[in-house]
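Report on the following structure.
In my numbering, the protein residues as written are 34 to 102.
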């Protein structure tokens, strides 16, 4: 799985956990649902970043933030 695919998967999973659909997320980001859909389908990190992370044995991980009370 590529870095782009991992990020998209993490975003989709978190949206599911938070029970947010694309229309709701788009509204909160002040985007059209179509723009968000395009981002989730095609949005990509520049290829160089993926190659750089691979070269340095690094991975970009999207994890839920811890809430402080």
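Just so you know, even glycine gets a beta-carbon here, dropped at the ideal spot from N, CA and C. In this text, all values refer to a predicted model and were calculated from it rather than measured experimentally.
Cβ-Cβ distances below 8 Å link residue 68 to 59 in the same chain, with the five nearest sequence neighbours on each side left out; the list follows chain order.
In the three-state reduction of the DSSP assignment, residue 65 falls in the coil class, being assigned neither a helical nor a strand state. Taken atom to atom, the span from the alpha-carbon of residue 92 to that of residue 99 is near 20 Å.
Straight-line spacing of the CA atoms in residue 75 and residue 50 works out to 22 Å.
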